[in-house]
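Q: Protein chains in written order, with the numbering used here: chain A, 214 to 690; chain B, 100 to 520.
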Amino acid sequence: MTLDPRGAALALHRFGFGSRPGTIAAIASDPRGALLADLEAPNAGQIVNTNLPTSGAEIRTGFEFNAARLAQANQERRRKEAAQAAAAENPGAGNSMAAEDKPPAAPAQPNAVPPQRQIFLDEARARIGAANDADIGFVERLVWFWSNHFCVSADGTAAAGAYEREAIRPYVLGRFADMLLAAEGHPAMLRYLDNWQSIGPASIIGINNKRGLNENLAREILELHTLGVRTVYTQADVTTFAKVLTGWTFLPTQTNPEHGGEFVFNPRMHEPGEQTLMGKTYPSGGVQQGRSVFDDLARNPATARHVSTKLARHFIADEPPPALVDRLAERFLETDGDLKEVAKSLVTAPEAWAPERAKIKRPGEWLVATRRAAGRVNPNIEGMTNQQALLGEPLWRPSAPKGFSDDNAAWLGGLNLRLQAANLFAQVVAGDVEPQELVDVALGPLAAQETRQAVARAETKVQALTLLVMAPEFQRR
Amino acid sequence: MRSRLQPATFHATTRRELLLGSGVLFAWAFVPRLARAEGRDPRFLTIVLRGALDGLAAVAPVGDPDWVKLRGNNALTLEGQKPGLPLDGFFALNPAMPNVHRLYQEGHATIVHAAATPYRERSHFDGQDVLESGLPRPGAVDTGWLNRALAGLEPSPDAIARGRKAFAVGPITPLVVRGTAPVLSWTPPRLPPVSEETMLRVLDLYRHTDPTFAQVLEEGLGLAAIVEAGGIAESKPNAPRIQGGGIEQVRAYFTEAAGAAAKFLAAPEGPRIGALAFDGWDTHVNEGAVNGRLASLLGALDGAIAAIKANMGDAWNETVVTLVTEFGRTARINGNEGTDHGTATVALIAGGALKGGRVIADWPGVKEADLYEKRDLKPTTDLRAVLKGLLHDHLRVDESALTADIFPGSDAIAPMTGLLA
Numbered sequence: 214m215t216l217d218p219r220g221a222a223l224a225l226h227r228f229g230f231g232s233r234p235g236t237i238a239a240i241a242s243d244p245r246g247a248l249l250a251d252l253e254a255p256n257a258g259q260i261v262n263t264n265l266p267t268s269g270a271e272i273r274t275g276f277e278f279n280a281a282r283l284a285q286a287n288q289e290r291r292r293k294e295a296a297q298a299a300a301a302e303n304p305g306a307g308n309s310m311a312a313e314d315k316p317p318a319a320p321a322q323p324n325a326v327p328p329q330r331q332i333f334l335d336e337a338r339a340r341i342g343a344a345n346d347a348d349i350g351f352v353e354r355l356v357w358f359w360s361n362h363f364c365v366s367a368d369g370t371a372a373a374g375a376y377e378r379e380a381i382r383p384y385v386l387g388r389f390a391d392m393l394l395a396a397e398g399h400p401a402m403l404r405y406l407d408n409w410q411s412i413g414p415a416s417i418i419g420i421n422n423k424r425g426l427n428e429n430l431a432r433e434i435l436e437l438h439t440l441g442v443r444t445v446y447t448q449a450d451v452t453t454f455a456k457v458l459t460g461w462t463f464l465p466t467q468t469n470p471e472h473g474g475e476f477v478f479n480p481r482m483h484e485p486g487e488q489t490l491m492g493k494t495y496p497s498g499g500v501q502q503g504r505s506v507f508d509d510l511a512r513n514p515a516t517a518r519h520v521s522t523k524l525a526r527h528f529i530a531d532e533p534p535p536a537l538v539d540r541l542a543e544r545f546l547e548t549d550g551d552l553k554e555v556a557k558s559l560v561t562a563p564e565a566w567a568p569e570r571a572k573i574k575r576p577g578e579w580l581v582a583t584r585r586a587a588g589r590v591n592p593n594i595e596g597m598t599n600q601q602a603l604l605g606e607p608l609w610r611p612s613a614p615k616g617f618s619d620d621n622a623a624w625l626g627g628l629n630l631r632l633q634a635a636n637l638f639a640q641v642v643a644g645d646v647e648p649q650e651l652v653d654v655a656l657g658p659l660a661a662q663e664t665r666q667a668v669a670r671a672e673t674k675v676q677a678l679t680l681l682v683m684a685p686e687f688q689r690r
Numbered sequence: 100m101r102s103r104l105q106p107a108t109f110h111a112t113t114r115r116e117l118l119l120g121s122g123v124l125f126a127w128a129f130v131p132r133l134a135r136a137e138g139r140d141p142r143f144l145t146i147v148l149r150g151a152l153d154g155l156a157a158v159a160p161v162g163d164p165d166w167v168k169l170r171g172n173n174a175l176t177l178e179g180q181k182p183g184l185p186l187d188g189f190f191a192l193n194p195a196m197p198n199v200h201r202l203y204q205e206g207h208a209t210i211v212h213a214a215a216t217p218y219r220e221r222s223h224f225d226g227q228d229v230l231e232s233g234l235p236r237p238g239a240v241d242t243g244w245l246n247r248a249l250a251g252l253e254p255s256p257d258a259i260a261r262g263r264k265a266f267a268v269g270p271i272t273p274l275v276v277r278g279t280a281p282v283l284s285w286t287p288p289r290l291p292p293v294s295e296e297t298m299l300r301v302l303d304l305y306r307h308t309d310p311t312f313a314q315v316l317e318e319g320l321g322l323a324a325i326v327e328a329g330g331i332a333e334s335k336p337n338a339p340r341i342q343g344g345g346i347e348q349v350r351a352y353f354t355e356a357a358g359a360a361a362k363f364l365a366a367p368e369g370p371r372i373g374a375l376a377f378d379g380w381d382t383h384v385n386e387g388a389v390n391g392r393l394a395s396l397l398g399a400l401d402g403a404i405a406a407i408k409a410n411m412g413d414a415w416n417e418t419v420v421t422l423v424t425e426f427g428r429t430a431r432i433n434g435n436e437g438t439d440h441g442t443a444t445v446a447l448i449a450g451g452a453l454k455g456g457r458v459i460a461d462w463p464g465v466k467e468a469d470l471y472e473k474r475d476l477k478p479t480t481d482l483r484a485v486l487k488g489l490l491h492d493h494l495r496v497d498e499s500a501l502t503a504d505i506f507p508g509s510d511a512i513a514p515m516t517g518l519l520a
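(1) When the Cα atoms are used, what is the spatial distance from A:V555 to B:L482?
(2) For a contact defined as C-beta to C-beta under 8 angstroms, what are the partners of B:D153 on chain A?
(3) If you reduce the DSSP assignment to three classes, tell me which class B:V445 lands in.
(4) Bridge partners of A:W189, per DSSP?
(5) Less than 8 angstroms between the C-beta atoms of A:L632 and A:I573, yes or no?
(6) How many angstroms separate the CA atom of A:P514 from the CA atom of A:E379?
(7) Against chain B, does A:A613 count as a neighbour if the rule is that its beta carbon must be under 8 angstroms from one of theirs?
(8) Near B:P507, what residues of its chain come up, given a Cβ to Cβ distance below 8 angstroms and the 5 sequence neighbours on each side ignored?
(9) Flag A:N636 as yes if its beta-carbon sits less than 8 angstroms from any beta-carbon of chain B, otherwise no.
(10) I want to verify the contact list: residues of chain B whose CB lies under 8 angstroms from the CB of A:M482, in sequence order.
(11) Just confirm the distance between the C-beta atoms of A:Q712 and B:N435, as a whole number of angstroms; I'd bet it's less than 8 angstroms.
(12) Indicate whether at least one CB of chain A lies closer than 8 angstroms to the CB of B:T308.
(13) Roughly how many angstroms separate the alpha carbons of A:F228 and A:V352, rounded to a whole number?
(14) With a threshold of 6 angstroms on Cβ separation, who are the neighbours of B:R114 within its own chain once the five nearest residues in sequence on each side are excluded?
(15) Applying a beta-carbon distance threshold of less than 7 angstroms, which residues of chain A neighbour B:M298?
(16) Under 8 angstroms, with one C-beta from each stretch per pair, do the region 419 to 434 of chain B and the region 454 to 461 of chain B reach the 3-pair mark?
(17) Could you tell me whether any Cβ in chain A is nearer than 8 angstroms to the Cβ of B:R149?
(18) How would you call B:G238, buried or exposed, if buried means at least 16 neighbouring beta carbons within 10 angstroms?
(19) Residues of chain A with CB under 8 angstroms from B:A267, in chain order?
(20) So what does B:P185 bridge to, in DSSP terms?
(21) Would you report the Cα separation of B:D510 and A:A677, rounded to the nearest angstrom?
(22) In or out: A:P568 buried (at least 16 other Cβ within 10 Å) or exposed?
(23) Tell me which residue opens and which closes the beta strand (DSSP E) that A:R589 is part of.
(24) In angstroms, rounded to a whole number, what distance separates the CA positions of B:K168 and B:A443?
(25) Under 8 angstroms between beta-carbons, which chain B residues line up against A:R424? List them in chain order, please.
(26) For A:L681, does the count of other Cβ atoms within 10 angstroms reach 16, so buried, or fall short, so exposed?
(27) Report the neighbours of B:L375 on chain A: residues whose CB is nearer than 9 angstroms to its CB, in chain order.
(28) On the three-state DSSP scale, how would you describe A:G229?
(29) Excluding the 5 residues flanking A:E436 on each side, which residues of the same chain have their C-beta closer than 8 angstroms to its C-beta?
(30) Does B:L519 come within less than 8 angstroms of chain A when only Cβ atoms are used?
(31) Applying a beta-carbon distance threshold of less than 8 angstroms, which residues of chain A neighbour B:D378?
(32) Taking the alpha-carbon of A:E564 as reference, which of A:R526, A:G596, A:N599 and A:A582 has the nearest alpha-carbon?
(33) B:D272 touches chain A at which residues, Cβ-Cβ below 8 angstroms?
(34) When you compare only the Cα positions, how much space is there between A:D335 and A:E595?
(35) By Cβ distance, which residues of its chain are closer than 8 angstroms to A:L386, with the 5 residues on each side in sequence left out?
(36) In chain order, what residues of the region 219 to 243 of chain B put their CB closer than 8 angstroms to some CB of chain A?
If you want it as structure tokens, here you go:
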């Protein structure tokens, strides 16, 4: 049996989250086969054995905390106003007034960490833990890719992490159409792109309240999630699609303590009647009208090309080989958007194994790779999420619905910041690892001679480890 | 094989010596040479407002009889609790921007209204691509007009003719400064510092293994040296990262980023041309032009402009700052007290080099028949005319390069003249 440790290391860095102690040797007999096997692992892509709440529960928790905090602030304000009024009426009460200014003895203080923050950290721990613990992490990389493709922002919802578990992970090796429907119909997305309050002008609520459309979600679905910008749709299609999607909303948290924040189709908000989108007429039918449009969008060749280009750009090169994009798009169409088959097609394509390492890892991916190389278990999640934010990729907080960029040019400028993060990491782990051994663990045959020498001749272990994780072979996919 | 990394000499090298030796620290060589020959030392900063700023909310046509009909209660007027700040009798500035108003009165701010790039669709990302690339269509190139403009600026003879020319503030480099002329990036330091020795060794490793990485890191370290020398940022290890959300954090970030940019541009050995981007202008819901979210954002932007002026010092008089956005928003309010993606909007220019105190607009009106596609403010000024005029008159970028390389396809768009004092 011939061994291919170079191919193994490449597989780990390009398609996985980098190597852990022993992983290069473990898959050296058949790196490609190991990636294919990753797709067949039981529960691949799922977060199992957690007590994480549903998105609805996370949203309600956040709402209830904010409401309680507001009530407390209001109560406090009224108490102060009353005290001031009393003091104004009774100016002689000098000393007792000072006593009034003290805060009340034991206010109903909500816990110091807001529950939204705790939820965020718990969700981040589940996500980063899954990437850190995976043998290879190919399926987790796919989860991160699709989550960024269908991104929402944690700035607008407490449920960004639950969204990924509910709308992305179950379908990461399933059908694109199912992921599309789950993502666009998820309360986190309906809130992020404003559709929850988009109202058909001719709907019951539209007529009674003179409220109207919001075309944000409809536009981004066509432009970013499915067909791609400048393809086969027009401004009129955007507006029509926005009408189709009216009524896709969620139950209000204010009045529904049990189910607030969960998806509901509200027919009173829905624009009645048939709609014609990109030349096809969809009969009136409430929520089914939108589902039919999603089915057609998922099967559109423009969608296949758009997502195939993005996949190839993510893993291979800013300007991916056209033959690879063609191959992925073809597979997408012939399997009706079977994402496992598309993933297989990616790792069995000869273009995917080019020795040139054209892509820079994104910050979060690189941070996980550093922890894996050092064999860390239970890495410091708060520190990692803070650093990921500092490096320009705050977890679940992209600055726009396009998600984080997959172009090298966006990330190159952050290298000197990575140096600081690398230095900090090296300080933390230096006591536990032997840098020269770590070169073989982390890079194996991918390590350049210069990198080996730089690590070997470093003044300190901290410096050696910094050099290792800053090495281009470690920074690139 | 003997390593080219030689510890003996390495120990003797300081970062400053290394940077001098490689020509980085003083390699802000690509300054506007023609302008320098005239005895000027111009500074040019571009701020990209991502998300599409509602120009009608920032600068309202209070003298237009159709204005209040169009926006109703959301219309900024000269009355009410927060009246607009009068500009020229027809337009009023959002009351969240008193600093800009003062600059306007001093002749150091100009507003261009009903302006747009040549882009006429409504995708943020394509719109930003056109705005920042300078090409008439999206997706055409992966370089920005500001980077290409630098190619027209010859290396100045008194500096080492190598190195970076533009710089960007923030961990993600905006397209407008990406290109063949390499780009420096700077982000406020928030982590414990790295030892000089380690920096040098990482840099040395890159020089032997990855020239692209080497160049980027080298330039980053050059900026760090300026930061230290000029006291640009107080290093606050592990200070909490600014993460969306609270307006105070947004305000702090805008001020910190813009203020740092100004210090870089003002420094004698600093870069002369820079760019940064502020996100968050996509006001689909509860826009709040006078009392809400947009007013807060405009206030944060006003603070950023004040920080630029303060940190520029005397260099303010040789400064032009342009604030541009990918497109405007719908003229009418949408179903959620917000506005959807539109077309024409405002461009704001500030700086002591301007002949300001003017609103430049060929006003199209806001009657339904006057709106673009019956929904958006109609563009009557091509933003490229403004940018070409500034690049030509301020930096002395060659006029033929403006059309051939920097804004290709803009032959019919003459540079706007008379913007500068």
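Note that beta-carbon positions come from the ideal geometry of N, C-alpha and C, so glycine has one too.
A: The relevant details are as follows:
(1) Locating residue 555 of chain A in the first sequence gives position 342, counting from the first residue. Locating residue 482 of chain B in the second sequence gives position 383, counting from the first residue. About 43 angstroms.
(2) Locating residue 153 of chain B in the second sequence gives position 54, counting from the first residue. Chain A residues near B:D153: none, gap ~14 angstroms exceeds 8 angstroms.
(3) Here residue 445 of chain B corresponds to residue number 346 of the second sequence, with the count starting at 1. The answer is strand: DSSP assigns B:V445 an E or B state.
(4) With chain A covering 214 to 690 only, the question about residue 189 of chain A has no answer from this structure.
(5) In the first sequence, the residue the question calls residue 632 of chain A occupies position 419. In the first sequence, the residue the question calls residue 573 of chain A occupies position 360. Their beta carbons are not under 8 angstroms apart, which means A:L632 does not touch A:I573 by this criterion.
(6) Here residue 514 of chain A is taken as the residue at index 301 of the first sequence, counted from 1. Here residue 379 of chain A is taken as the residue at index 166 of the first sequence, counted from 1. Whole-angstrom Cα-Cα distance: 26 angstroms.
(7) Here residue 613 of chain A is taken as the residue at index 400 of the first sequence, counted from 1. It does; some Cβ of chain B falls within 8 angstroms.
(8) By 1-based counting over the second sequence, the position of residue 507 of chain B is 408. Hits under 8 angstroms: G233, L234 and P235.
(9) For the purposes of this step, residue 636 of chain A is identified with residue 423 of the first sequence, where counting begins at 1. So, interface residue.
(10) Here residue 482 of chain A refers to the residue found at position 269 when the first sequence is read from its first residue. Neighbours of A:M482 on chain B: none; closest Cβ ~10 angstroms, over 8 angstroms.
(11) Because chain A in this structure spans residues 214 to 690, residue 712 of chain A falls outside the shown range and cannot be described.
(12) Numbered from 1 along the second sequence, position 209 holds the residue referred to as residue 308 of chain B. So, interface residue.
(13) Within the first sequence, the letter at position 15 stands for residue 228 of chain A. Within the first sequence, the letter at position 139 stands for residue 352 of chain A. Taking the straight line from one Cα to the other gives about 9 angstroms.
(14) Start at 1 with the first residue of the second sequence, and residue 114 of chain B comes out as number 15. Because B:R114 sits at a pLDDT of 38, beneath the cut-off of 50, its placement in the model cannot be relied upon, and the point is left open.
(15) Reading the second sequence from its first residue, position 199 is the one you call residue 298 of chain B. Neighbours of B:M298 on chain A, chain order: L632.
(16) no
(17) Taking the first residue of the second sequence as position 1, residue 149 of chain B is located at position 50. At least one chain A Cβ lies under 8 angstroms of B:R149.
(18) Mapped onto the second sequence, residue 238 of chain B falls at position 139. Exposed, since its Cβ has fewer than 16 Cβ neighbours within 10 Å.
(19) Position 168 of the second sequence, counted from the first residue, corresponds to residue 267 of chain B. Result: G626.
(20) In the second sequence, counting from the first residue as 1, residue 185 of chain B sits at position 86. Answer is B:A191, bridged to B:P185.
(21) Translated into the one-based positions of the second sequence, residue 510 of chain B becomes position 411. Translated into the one-based positions of the first sequence, residue 677 of chain A becomes position 464. The C-alpha of A:A677 is placed about 55 angstroms away from the C-alpha of B:D510.
(22) By 1-based counting over the first sequence, the position of residue 568 of chain A is 355. Label assigned to A:P568: exposed.
(23) As a first step, residue 589 of chain A is located in the first sequence; it is residue number 376 there, counting from the start. Where A:R589 is concerned, there is no enclosing beta strand (DSSP E), given that its DSSP letter is neither H nor E.
(24) Sequence index remark: in the second sequence, residue 168 of chain B carries index 69 (1-based). Sequence index remark: in the second sequence, residue 443 of chain B carries index 344 (1-based). Answer to the nearest angstrom: the Cα atoms are 19 angstroms apart.
(25) As a first step, residue 424 of chain A must be located in the first sequence, where it is residue number 211. Those are G434 and N435, listed as they occur along chain B.
(26) By 1-based counting over the first sequence, the position of residue 681 of chain A is 468. Looking at its Cβ environment, which holds 16 or more other Cβ atoms inside 10 Å, A:L681 is buried.
(27) Position 276 of the second sequence, counted from the first residue, corresponds to residue 375 of chain B. What B:L375 touches in chain A: nothing, since even the nearest Cβ is about 12 angstroms away.
(28) As a first step, residue 229 of chain A must be located in the first sequence, where it is residue number 16. Looking at A:G229 - three-state DSSP - the assignment turns out to be coil, as it is neither helix nor strand.
(29) On the first sequence, residue 436 of chain A is found 223 positions in, with the first residue counted as 1. Setting aside the 5 residues that flank it on each side, A:E436 is surrounded in the same chain by V442, each with a C-beta closer than 8 angstroms to its C-beta; the list follows chain order.
(30) Along the second sequence, one-based indexing puts residue 519 of chain B at 420. It does not; no Cβ of chain A falls within 8 angstroms.
(31) Here residue 378 of chain B is taken as the residue at index 279 of the second sequence, counted from 1. Within chain A, S612 and A613 have C-beta atoms less than 8 angstroms from the C-beta of B:D378, given in sequence order.
(32) By one-based count along the first sequence, residue 564 of chain A stands at place 351. The shortest C-alpha separation from A:E564 is found at A:R526.
(33) Stepping through the second sequence from its first residue, residue 272 of chain B is reached at position 173. Note on residue identity: the sequence assigns Thr, not Asp, to residue 272 of chain B. Within 8 angstroms Cβ-Cβ: A622, A623, L625 and G626.
(34) Within the first sequence, the letter at position 122 stands for residue 335 of chain A. Within the first sequence, the letter at position 382 stands for residue 595 of chain A. For A:D335 and A:E595, the distance between alpha carbons rounds to 10 angstroms.
(35) Taking the first sequence and counting its residues from 1, one reaches residue 386 of chain A at position 173. If we look at A:L386 and ignore the five residues flanking it on each side, its Cβ neighbours are L252, A257, G258, V352, L355, L552, K553 and A556.
(36) E220, R221, S222, H223, F224, D225, P237, G238 and D241
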